[in-house]
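Here the structure comes first, spelled out in structure tokens, and everything after it is commentary.
Protein chains in written order, with my numbering: chain A, 727 to 839; chain B, -2 to 112.
What follows is the structure, encoded as structure tokens:
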């Protein structure tokens, strides 16, 4: 199947700093990328949908100014957690969709101290 | 709005035995897709099987098969000859043909396999 990478896989940061997570589709062009958040033992919660070259569509309750999403090319989307706080600590997963189905990245564990 | 429900938070199966994971969904759309994803301890989401709603034939992938009951809005996953490597969290997911292709996930079922 298609490969989606995420970088970094694990990041620890201090409260108040910003963190950028990259999501890349390695062998196909992803017209749409999705960002999810997952807490331990829970399901994936969709945060936003990003289409290449246009603004992301955020799900209800997700702060767009806190979670900045950029989808500058057909192979790269980035999620920036701005002014991170301990409650932002979570597992963040991206997925990419070119043709069916969606393919998922390996996830990024964010810990905010 | 579409919803997906997995009513079994945890399931257990003996190695080599068969287990069925349940999933129900609610939608007003007539055309859609259903998926089962596996999330092992590594947390990498892996597509197990998919079903197009317009197809009456149940999808199969080796030891994995589904029982798709469109009228009942039910989409169960059967794992035959269970292996230790099948132990994982399993998520049922719905995707309509509209709404940007986003997946709607169920709550998940944690499957343990006993040797």
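Every residue gets a Cβ at the ideal spot worked out from N, C-alpha and C, and that includes glycine.
Since we're looking at a predicted model, the values are computed, not measured.
For a contact defined as C-beta to C-beta under 8 angstroms, what are the partners of residue i on chain B?
i, result
"residue 734 of chain A", "Those within 8 angstroms of residue 734 of chain A in chain B number zero; the least Cβ separation is about 14 angstroms."
Using a Cβ cut-off of 9 angstroms, pull out every chain A residue sitting near residue i, in sequence order please.
i, result
"residue 102 of chain B", "762, 769, 770, 771 and 772"
"residue 44 of chain B", "727, 827, 828, 829 and 830"
Consult DSSP for residue i and reduce its assignment to one of helix, strand or coil.
i, result
"residue 813 of chain A", "helix"
"residue 96 of chain B", "For residue 96 of chain B, the pLDDT reaches just 49, beneath the cut-off of 50, and the residue's location in the model is therefore unreliable, leaving the point undetermined."
"residue 23 of chain B", "strand"
"residue 888 of chain A", "For residue 888 of chain A there is no data in the structure shown, the boundaries of chain A being 727 and 839."
"residue 30 of chain B", "strand"
"residue 6 of chain B", "coil"
"residue -1 of chain B", "coil"
"residue 68 of chain B", "coil"
"residue 14 of chain B", "coil"
"residue 752 of chain A", "coil"
"residue 110 of chain B", "strand"
"residue 51 of chain B", "coil"
"residue 746 of chain A", "strand"
"residue 831 of chain A", "coil"
"residue 821 of chain A", "strand"
Just the chain B side, please: which residues come within less than 7 angstroms of residue i by C-beta, in chain order?
i, result
"residue 738 of chain A", "Simply none; closest approach about 17 angstroms."
"residue 823 of chain A", "98"
Considering residue i, what are the terminal residues of the beta strand (DSSP E) in which it resides?
i, result
"residue 739 of chain A", "736 to 739"
"residue 74 of chain B", "71 to 76"
"residue 40 of chain B", "No beta strand (DSSP E) contains residue 40 of chain B, which DSSP labels as neither H nor E."
"residue 60 of chain B", "Looking at the DSSP string, residue 60 of chain B is not in any beta strand (DSSP E), and its letter there is neither H nor E."
"residue 81 of chain B", "Unbroken run through residue 81 of chain B: none, as it is neither H nor E."
"residue 770 of chain A", "770 to 777"
"residue 764 of chain A", "758 to 764"
"residue 731 of chain A", "730 to 733"
"residue 834 of chain A", "834 to 838"
"residue 798 of chain A", "793 to 799"
Do you know whose CA, among the options, lies nearest residue i's CA?
i, options, result
"residue 94 of chain B", "B:0, B:9, B:69 and B:30", "B:30"
"residue 804 of chain A", "A:741, A:755, A:812 and A:745", "A:745"
"residue 761 of chain A", "A:839, A:838 and A:833", "A:833"
"residue 773 of chain A", "B:100, B:25 and B:51", "B:100"
"residue 57 of chain B", "B:45, B:67, B:51 and B:66", "B:45"
"residue 815 of chain A", "A:780, A:765, A:754 and A:749", "A:765"
For residue i, go through chain B and note every residue whose CB falls closer than 9 angstroms to its CB, in chain order.
i, result
"residue 817 of chain A", "40"
"residue 765 of chain A", "Ordered by position in chain B, no residue passes the 9 angstroms Cβ test against residue 765 of chain A, which lies about 11 angstroms from the chain."
"residue 837 of chain A", "Near residue 837 of chain A there are no residues of chain B at all, since even the closest Cβ is about 15 angstroms away, more than 9 angstroms."
For a contact defined as C-beta to C-beta under 7 angstroms, what are the partners of residue i on chain A?
i, result
"residue 72 of chain B", "Residues of chain A passing the Cβ test: none, with the nearest at roughly 15 angstroms."
"residue 47 of chain B", "827"
"residue 105 of chain B", "769"
"residue 31 of chain B", "What residue 31 of chain B touches in chain A: nothing, since even the nearest Cβ is about 11 angstroms away."
"residue 61 of chain B", "Neighbours of residue 61 of chain B on chain A: none; closest Cβ ~15 angstroms, over 7 angstroms."
Anything in chain A within Cβ reach of residue i, meaning under 8 angstroms, just list it in chain order.
i, result
"residue 65 of chain B", "Those do not exist, as residue 65 of chain B stays about 16 angstroms from chain A at its closest Cβ, beyond 8 angstroms."
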